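Student:
Residue numbers (this note's numbering), protein chains in the order written: chain A, 1242 to 1591; chain B, 1280 to 2080.
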């Protein structure tokens, strides 16, 4: 097992994506002294913007839907994963922490992605809560607070430099940030900032583009590997034209059916409603062949409790993250009872 | 008449004379074996070098600090500026000849297609990355590391031998290089924007790391040495083949004549003979390759140990069979056969149909060539002389050696001829006059075998003198260098300090032997700190020094350097050397430092600790009466708990050093003996060839009254006399060879010049051995002659020839 695959397993363990739970047999829930998500825990900022070394896995996940002055649509992704071999931090190479970064730019006909790896303890990657500073190599998310950050990343064919500003509070998923993921109650700590306004520059192979738009930050940490034979997950982070935000996710079983679903409805004033399993539904309408596999690129989603029934269509069907751990992550458009745009993440399509 | 019938007739000869066939095949097989065996050794070592370096970097360029290490923080700043580089730390673990090259890598950033990246975490990441970590090595290397104090070693078949891989943090700790990196591999994919290297890390330069080339350069001398030996053996083997083929052709002359008379075209005959040779070449080639493999497999462990111990290159003692090697072996066998058989084939092709079969013509033809040989010998000798004066570099040195040896070989027949002439002039009786004249007449037929003997003897004397001179110098040097009676390694710096206080309280002198590995002028080297003490002032083997050398060193104004560094850097007392830290120092003196190819700088302890505060303070020499050394060691163990294996007395250390030395030259010795054996066989085949042709000359001598027994004794005596003459001629050649090895090749290859010592006892032994070999070779033909039926001798007179 090479390092990257190993890393991926750890990341996947949060959502239990593997087709076979036995693969993770060696890492049982709450093994190795890692802390477990606690429903009584109340998030506190800025401290919780920083890393949680007591937990096995954690991420800082930003996606943005952008438009240039000609009305062309773009999507970008900036992600930093932290994973720990032991529930501690340390200086130097003996630190048990490893970091992985993913960055991507998507246009209607182009999808460019890049990944980075770094060891903890040597300063190559890390996160500081305030002033906020998250980095891996030269990729950065930096600002006085997490509500005002400059975000940069680059690959061999693209780069971006964006300013993100939000004047709304952070959104807690589930029960005050305690988010249940499976029918048997395994969970993570999960909050978001779905209200960023974005402006900045994208550099693409055919030249630079000045862009504006919206961005969505997901923060999540846990130690669990999830039980059950899940095949993967489909996650929707949507910014609706009425100002509402919807986070909807479903766990898939091996047959492709929904095994568990969760949703958070965020009103334009920031009021949050979490929905239990089954409230949100998502069903593929059409698949297309991406990187040698069939991936759904048109969806029917519904949250009847909010009168939402809409179609979600990918901006670029081929937004495949061809990284060590590969998955589909790209901008989407919403039409139907509500309109808007957002990001779709799909894992486990082997 | 058809080709196949002709071939059948030709081959019938070998059924009658199976021994001759055996000689031919054996000679060719031996020549091929020695040549391809040596090639296999070289190929194996080179393949190891290439493998070892590609394990970590592939063929990518790297960032290095010339002559230094890279601070880990520089790596992080490069990464944080966008440079996609991956850190590597490398060094040696294990001791002496069991050294293994350790590569520390960061598997997260390492190029994915390298072996290292695949293996570093093949057994789970936590165990590899977190203390105590894990080492990965090929099974042979893993076995060699067993017993060393290391993290668990995991064996993997897929890893190149001779190296070990570990996580970078673990490797840094094992190598004592915390916070330091050896180089940074530059990955293929780089981001859009990267600040220039000069702004980020001004001291770093980008270059192609070609470890195979670096190591090959370092070990060039060793491989050239082996190649030269292989070639010499091959040449000597060809003499046998030439003798055997010549004999077979001579004996079949009547058959050739008959075949031609029966209407076989000359062309068919030549083709048939050529196919016969080809068949022999293929058979002997295959046999030779198998033999060569066995030789290589037998010698490789020593070669590998030498390469590791002397040069520090990662090689294991296991041989892989390479297809290219088989092809090369067969090719060289065929080439050898072609060389050895060309003359005979040429003569047969031009044989007039009705020419009487005149066996002597073959041997006599040599006479006219004698003058040409003498001229060629003079020319080559002049070339060798010119190379001494003008040439430089190892290749020139070996070319000089080759020119000298061939000149000597070519000069031998004319010289012997002249010597025999002189003896003939002094002969008192008719019998002795005939003996000398007849011996001289045999010379052309024997000259090739005698040349082979000369080469073998000269090589033996030359290499023997070099090794013995080296041994003598080395032993003397060890006496000087290992002046302390007891050497101690403590486990911590604090223990070192406590031990020093304890020993000094007992009135004993404690000499710190602290050192740091450093890059000296871009090559790996060591900087030592020594105390200002009479032990050094009295014993240290200085070759050249400025006045007050030790005072200057003690005052921290100057440094001493070893001979190889002085030669490499063209440094003299008065020059300056640059240490990785601090101001340059004056070179106050140069000392001899054998058995170590790397540069060394010696400064005072104060200078060392001041410039390298982190130096380990754990090794000490203690001056104590030799007979008390063991008792003191026991007391130290009792008082401090320092394990006995951390203490070595002078005598054991010397014994170990000498043992390392001896093993280093095992291969040389083995090849030497093989060469001499091959020369003995060459003489035998030549004598056998001559014996069958000589009846017409012996018959009249027998007829005038010399008995067969007397004739046989004279034949034997002739072999002995010629061998003795050759041995005498080989002496100056061998000594010249020794001089080239000691004063030219050693300097080029290792950076030290050795004084030449003479060992007349060895020469006498070798001379006797040569005479014995010739005697054994001459015995059989002599016995055959003694037992020859008188009728055979009488028949000579009835024969029209």
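C-beta: ideal position from N, C-alpha, C; glycine also. In this text, all values refer to a predicted model and were calculated from it rather than measured experimentally.
Here's a check: name, in chain order, each residue in its chain whose Cβ is nearer than 8 Å to the Cβ of residue 1388/A, leaving out the five neighbours to either side.
Tutor: 1406, 1407, 1408, 1434
Student: Bridge partners of residue 1806/B, per DSSP?
Tutor: 1795/B, 1880/B
Student: Among 1661/B, 1619/B, 1612/B, which has the Cα closest to the Cα of residue 1308/B?
Tutor: 1612/B
Student: Can you check whether the C-beta of residue 1393/B is within less than 8 Å of a C-beta belonging to chain A?
Tutor: No, residue 1393/B does not count as interfacial toward chain A.
Student: Going along the region 1453 to 1470 of chain B in order, which residues come within less than 7 Å of chain A, judged by CB to CB distance?
Tutor: 1468, 1469, 1470
Student: Is there a Cβ of chain B sitting closer than 8 Å to that of residue 1364/A, yes or no?
Tutor: yes
Student: I'd like to know if residue 1436/A contacts chain B, where contact means its C-beta is closer than 8 Å to some C-beta of that chain.
Tutor: no
Student: Which word fits residue 1424/A, buried or exposed, when buried means at least 16 other C-beta atoms lie within 10 angstroms of its C-beta?
Tutor: exposed
Student: What do you reckon, are the CB atoms on residue 1288/B and residue 1538/B nearer than 8 Å?
Tutor: Note that the C-beta distance between residue 1288/B and residue 1538/B is below 8 Å.
Student: Can you confirm whether residue 1193/A, when its beta carbon is compared against all beta carbons of chain B, has any partner nearer than 8 Å?
Tutor: The question about residue 1193/A has no answer here: the residues shown for chain A are numbered 1242 through 1591.
Student: Which same chain residues end up closer than 6 Å to residue 1229/A when comparing Cβ atoms and leaving out the 5 residues on each side of it in sequence?
Tutor: Nothing about residue 1229/A can be read from this structure; chain A reaches only from 1242 to 1591.
Student: Which of the three DSSP states, helix, strand or coil, is assigned to residue 1286/A?
Tutor: DSSP places residue 1286/A outside both helix and strand once states are collapsed to three, so it counts as coil.
Student: Does the region 1981 to 1996 of chain B come into contact with the region 1752 to 1762 of chain B, if we say contact requires no fewer than three beta-carbon pairs (one atom in each stretch) closer than 8 Å?
Tutor: no
Student: Grab me the residues of residue 1511/A's own chain with a C-beta within less than 8 Å of its C-beta, minus the 5 sequence neighbours each way, in chain order.
Tutor: 1409, 1410, 1412, 1436
Student: Using three-state DSSP, classify residue 1266/A as helix, strand or coil.
Tutor: Since pLDDT at residue 1266/A reaches only 26, below the 50 mark, its modelled position is unreliable, and the value read off the structure follows with that caveat. Three-state DSSP puts residue 1266/A in coil, outside helix and strand.
Student: What three-state label does DSSP hand residue 1478/B in the structure shown?
Tutor: Helix, per DSSP.
Student: DSSP three-state call for residue 1444/A: helix, strand or coil?
Tutor: strand
Student: Quick one, which of 1704/B, 1653/B, 1669/B has its alpha-carbon nearest residue 2085/B's?
Tutor: In the structure as shown, chain B starts at 1280 and stops at 2080, and residue 2085/B therefore has no counterpart that could be examined.
Student: DSSP has residue 1420/B in a bridge; who is on the other side?
Tutor: According to DSSP, residue 1420/B bridges with nothing at all.
Student: Checking the sheet assignment: what are the DSSP bridge partners for residue 1380/B?
Tutor: 1371/B, 1442/B
Student: Taking 8 Å as the threshold (beta carbon to beta carbon), is residue 1397/A in contact with chain B?
Tutor: Taking Cβ atoms only, chain B reaches closer than 8 Å to residue 1397/A, which makes this a yes.
Student: Can you pull out the residues from the region 1368 to 1399 of chain A whose beta carbon lies closer than 8 Å to at least one beta carbon of chain B?
Tutor: 1376, 1378, 1379, 1395, 1396, 1397, 1398, 1399
Student: Quick check: what's the CA-CA separation for residue 1352/A versus residue 1449/B?
Tutor: 39 Å
Student: Buried or exposed for residue 1323/A, going by 16 or more other Cβ atoms inside 10 Å?
Tutor: buried
Student: Per DSSP, which one or two residues make a beta bridge with residue 1502/A?
Tutor: Note: residue 1502/A sits in a beta bridge opposite 1491/A.
Student: Give me, in chain order, the residues of the same chain whose beta-carbon lies closer than 7 Å to that of residue 1749/B; leave out the 5 immediate sequence neighbours on both sides.
Tutor: 2033
Student: Using a cut-off of 9 Å between C-beta atoms, extract the partners of residue 1447/B located in chain A.
Tutor: 1334, 1360
Student: What does residue 1444/A reach in chain B if we use C-beta pairs closer than 9 Å?
Tutor: 1471, 1472
Student: Is the distance from the Cβ of residue 1465/B to the Cβ of residue 1384/B below 8 Å?
Tutor: no
Student: Report yes if the CB atom of residue 1295/A is closer than 8 Å to the CB atom of residue 1275/A, and no otherwise.
Tutor: For residue 1295/A and residue 1275/A, yes; Cβs fall inside 8 Å.
Student: Please list, in chain order, the chain A residues whose beta carbon lies closer than 7 Å to that of residue 1360/B.
Tutor: 1379
Student: Let's test the definition: count the other Cβ atoms within 10 Å of the Cβ of residue 1485/B and tell me whether it reaches 16, buried, or not, exposed.
Tutor: exposed
Student: Note down the Cα distance separating residue 1543/B from residue 2067/B, rounded to an integer number of angstroms.
Tutor: 34 Å
Student: Under 7 Å Cβ-Cβ, which residues of chain A neighbour residue 1351/B?
Tutor: By Cβ distance, chain A contributes 1363.
Student: Compare the C-beta of residue 1355/B against all C-beta atoms of chain A and say whether one is closer than 8 Å.
Tutor: yes
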